[in-house]
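To keep things clear, I will list the structure first and then write my remarks on it.
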Amino acid sequence: DSVDPQRTAFVLRKAWTLYSVTPLYRFRRARLRDYARLLSAFIAAEKQKGLAVQVGIELDIKVALSSLADLRGSELDQAALLVQLSSRSRASSRNSEDKLVWSGWFCSVFGDDLSENLPEDFTSLPLFLSHGAESYTSLVGSWFQKTFDCCFRRLAISPQNLSWMVAMWVGCKLDRAASATELVFSMPRLAQPLDISYAIHPEDAKALWDTVQKTPGEITQEEVDVFMNCLYAHFHRHFKIHLSAAKLVKVSTSVASAHCDGIVKILQSQYLPGVLMLLTELAISQIQ
Amino acid sequence: HLATSLPLPSERDHLRPRIDLVVFMIDIKSKYSLKNVETSLAHVDASFFLGKVCFLVTGVGRVNACSIETNAICKLGKDYCSPVLYCELELEGIRVATAQRLLRMLQICAGHIPGVSALSFVSLMRNCDDD
Numbered sequence: 361d362s363v364d365p366q367r368t369a370f371v372l373r374k375a376w377t378l379y380s381v382t383p384l385y386r387f388r389r390a391r392l393r394d395y396a397r398l399l400s401a402f403i404a405a406e407k408q409k410g411l412a413v414q415v416g417i418e419l420d421i422k423v424a425l426s427s428l429a430d431l432r433g434s435e436l437d438q439a440a441l442l443v444q445l446s447s448r449s450r451a452s453s454r455n456s457e458d459k460l461v462w463s464g465w466f467c468s469v470f471g472d473d474l475s476e477n478l479p480e481d482f483t484s485l486p487l488f489l490s491h492g493a494e495s496y497t498s499l500v501g502s503w504f505q506k507t508f509d510c511c512f513r514r515l516a517i518s519p520q521n522l523s524w525m526v527a528m529w530v531g532c533k534l535d536r537a538a539s540a541t542e543l544v545f546s547m548p549r550l551a552q553p554l555d556i557s558y559a560i561h562p563e564d565a566k567a568l569w570d571t572v573q574k575t576p577g578e579i580t581q582e583e584v585d586v587f588m589n590c591l592y593a594h595f596h597r598h599f600k601i602h603l604s605a606a607k608l609v610k611v612s613t614s615v616a617s618a619h620c621d622g623i624v625k626i627l628q629s630q631y632l633p634g635v636l637m638l639l640t641e642l643a644i645s646q647i648q
Numbered sequence: 307h308l309a310t311s312l313p314l315p316s317e318r319d320h321l322r323p324r325i326d327l328v329v330f331m332i333d334i335k336s337k338y339s340l341k342n343v344e345t346s347l348a349h350v351d352a353s354f355f356l357g358k359v360c361f362l363v364t365g366v367g368r369v370n371a372c373s374i375e376t377n378a379i380c381k382l383g384k385d386y387c388s389p390v391l392y393c394e395l396e397l398e399g400i401r402v403a404t405a406q407r408l409l410r411m412l413q414i415c416a417g418h419i420p421g422v423s424a425l426s427f428v429s430l431m432r433n434c435d436d437d
């Protein structure tokens with residue numbers, strides 16, 4: 361159950377762009393080195409063609425693929441797959457180090473809904489997270505799509521799901537001082553975009569959630585609605601604005617933050633499995 | 307006649323023609339619109355709920371901007387024995403088709419279609435539930 365913090369440290373405090381991925385066809389764990397070589401060749405070939413141009417020094421891209429057994433929910437889940445792109449600048453001397461320029465990883469945390477009915481030869485890793493230049497994401501994505509006949513789609517997060525996340529994360533017990541809970545709303549139908557940022561002291565937010573939640577460890581849609589309605593009512597009392605008529609676009613708590621465009625940042629390793637489980641669920645519902 | 311909420315101002319009661327159909331519009335992107343509808347429902351006389359009320363849910367084209375749970379809307383329709391229509395106002399084709407549907411419903415509710423009355427809507431809904 362517990363995740364080795366050393367090996368999963370790379371996940372924390374980075375903004376990850378989320379995608380849902382359909383099952384991979386004929387993916388073999390034993391062939392990771394081969395895949396790394398093939399992907400590397402593909403990237404070099406695409407560079408030759410003039411695609412994904414990176415202005416500046418001519419870079420060689422090194423590809424590394426590895427399995428992360430720690431990043432999964434249960435034994436039924438596939439181990440996570442990490443892809444890392446590093447560059448070694450040709451211009452500098454032989455003692456220059458590889459610099460990590462892009463990383464992306466596939467994972468499944470309690471993704472039984474998708475994996476249990478899969479035919480043989482299919483590997484289910486529905487959640488993909490990337491960090492780094494979009495041009496590399498698109499190269500890596502194209503190669504995976506071509507090689508394993510899968511399909512990547514940006515994972516958008518609806519205001520409803522964001523509300524669920526803020527309610528879940530606000531209630532988490534934390535060892536050290538928590539940062540403010542922040543909700544960002546985008547006002548609809550205005551000539552110029554207007555965002556409202558609503559920041560709440562984390563202890564107040566947790567106190568409110570604790571009065572709403574009836575069973576620890578369980579959350580219902582009703583409880584999330586009551587929690588959000590309290591926040592909306594409070595805001596309306598002070599500013600006479602109905603936040604419930606606006607679009608919730610981003611939520612930030614000490615545990616994690618999430619943006620409706622499908623960008624997530626996870627800050628606490630102890631809640632990493634919980635966050636990944638929720639994101640896996642969202643990815644699966646986007647696929648189905 | 308359009309109103310942002312109910313009850314309608316009482317000053318104009320005597321000038322108002324008979325109301326044949328009430329359509330409650332809920333924007334799926336706005337939780338506030340659902341709350342507004344729920345409060346307004348309390349001001350509608352019980353007799354209207356025999357086929358003269360319907361819920362129109364707009365903005366369904368953008369699933370990712372959803373702020374309201376679909377279950378909440380289905381429950382509303384069930385609780386008030388009234389049909390729920392879904393549409394996307396931003397698409398002209400759907401907008402026109404929805405307007406035509408509402409107009410047809412209105413004709414029936416106003417008694418302009420011989421042999422069919424507003425009560426038909428209620429019995430149609432009952433059948434769906436039994437399945």
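Protein sequences, first through last, are from chains W and L.
Numbering-wise, our numbering comes out as the position in the first sequence, counting from 1, plus 360.
Numbering-wise, our numbering comes out as the position in the second sequence, counting from 1, plus 306.
Just so you know, even glycine gets a beta-carbon here, dropped at the ideal spot from N, CA and C.
Note that this is a predicted model, so its numbers are computed, not measured.
For residue j and residue i, the rounded distance between their alpha carbons
i                 : j                 : result
Phe587 of chain W : Leu436 of chain W : 34 Å
Phe427 of chain L : Glu344 of chain L : 21 Å
Glu563 of chain W : Gly367 of chain L : 38 Å
Arg324 of chain L : Ala416 of chain L : 9 Å
Ala369 of chain W : Leu408 of chain L : 57 Å
Ser373 of chain L : Val328 of chain L : 24 Å
His349 of chain L : Leu642 of chain W : 39 Å
Leu474 of chain W : Thr580 of chain W : 23 Å
Ser502 of chain W : Val635 of chain W : 27 Å
Asp621 of chain W : Ala516 of chain W : 5 Å
Ala649 of chain W : Phe330 of chain L : Shown here, chain W extends from 361 to 648; a query on residue 649 of chain W therefore has no answer.
Neighbourhood of residue i by C-beta, 8 Å cutoff - its chain only, sequence neighbours within 5 removed
i                 : result
Gly416 of chain W : Note that Gly416 of chain W scores 43 on pLDDT, short of 50, meaning its location in the model is unreliable; the coordinates nonetheless yield the value given after this. There are no such residues.
Tyr592 of chain W : His602, Leu603, Ser604
Ala378 of chain L : Leu340
Which listed residue (the options) has its alpha carbon closest to that of residue i
i                 : options                                : result
Ile421 of chain W : W:Leu428, W:Ala401, W:Trp503           : W:Ala401
Arg322 of chain L : L:Leu308, L:Lys358, L:Asp385, L:Asn342 : L:Leu308
Tyr631 of chain W : W:Gly531, W:Ser604, W:Ser539, W:Ala405 : W:Gly531
Gly383 of chain L : L:Leu395, L:Pro420, L:Asp319, L:Val359 : L:Val359
Ala424 of chain W : W:Leu608, W:Leu485, W:Ala551, W:Ser463 : W:Ser463
Pro383 of chain W : W:Glu578, W:Gln646, W:Thr483           : W:Thr483
Trp376 of chain W : W:Ala429, W:Asp394, W:His491, W:Pro486 : W:His491
Thr571 of chain W : W:Lys625, W:Leu445, W:Val584           : W:Val584
Leu428 of chain W : W:Ser446, W:Asp394, W:Ala404, W:Trp465 : W:Trp465
Cys380 of chain L : L:Met431, L:Ala352, L:Gly399           : L:Met431
Leu399 of chain W : W:Lys459, W:Arg367, W:Val469, W:Ser498 : W:Ser498
Pro389 of chain L : L:Asp319, L:Leu425, L:Asn370           : L:Leu425
Ala537 of chain W : W:Lys566, W:Phe488, W:Val443           : W:Lys566
Cys590 of chain W : W:Arg367, W:Thr613, W:Lys374, W:Ala527 : W:Ala527
Ser523 of chain W : W:Glu457, W:Phe599, W:Leu515, W:Thr613 : W:Thr613
Arg389 of chain W : W:Arg373, W:Ser380, W:Leu442, W:Ile560 : W:Leu442
Closer than 6 Å: residue i CB and nearest the ligand SAM heavy atom
i                 : result
Leu398 of chain W : In the structure shown, the ligand SAM is absent, as is every other ligand, since no ligand is present at all.
Within chain W, partners of residue i - CB distance below 9 Å
i                 : result
Ser336 of chain L : Pro548, His602, Ser604, Ala605, Ala606, Lys607
Residue(s) in a DSSP beta bridge with residue i
i                 : result
Ser380 of chain W : W:Leu487, W:Arg513
Ala616 of chain W : W:Ile626
Val609 of chain W : The partner list for Val609 of chain W (beta bridge, DSSP) is empty, contrary to what the question assumes.
Arg448 of chain W : W:Asp420
Asp555 of chain W : W:Ser546
Val371 of chain W : None; Val371 of chain W has no bridge partner.
Asp333 of chain L : L:Thr364
Ser463 of chain W : W:Gln444, W:His491
Neighbouring residues, chain L, relative to residue i (Cβ below 7 Å)
i                 : result
Pro553 of chain W : Within chain L, no residue comes near Pro553 of chain W; the closest Cβ sits about 15 Å away, beyond 7 Å.
Ala516 of chain W : Asn370
Under 8 Å from the C-beta of residue i: neighbouring residues of chain L
i                 : result
Gln520 of chain W : Cys372, Ser373, Ile374, Glu375
Residues of its chain near residue i, where Cβ-Cβ distance is below 7 Å and the 5 sequence neighbours each way are ignored
i                 : result
Lys607 of chain W : Pro519, Phe545, Ser546, Pro548
Asp481 of chain W : Tyr385, Arg386
Asp385 of chain L : none
Within chain W, partners of residue i - CB distance below 7 Å
i                 : result
Lys341 of chain L : Ser604
Neighbourhood of residue i by C-beta distance below 6 Å, restricted to the same chain and skipping five residues each side
i                 : result
Leu340 of chain L : Ile332, Ile374
Lys610 of chain W : Val544, His619
Ile400 of chain L : Cys393, Glu394
Chain L residues whose Cβ lies nearer than 9 Å to that of residue i
i                 : result
Gln581 of chain W : Glu375, Asn377, Ala378
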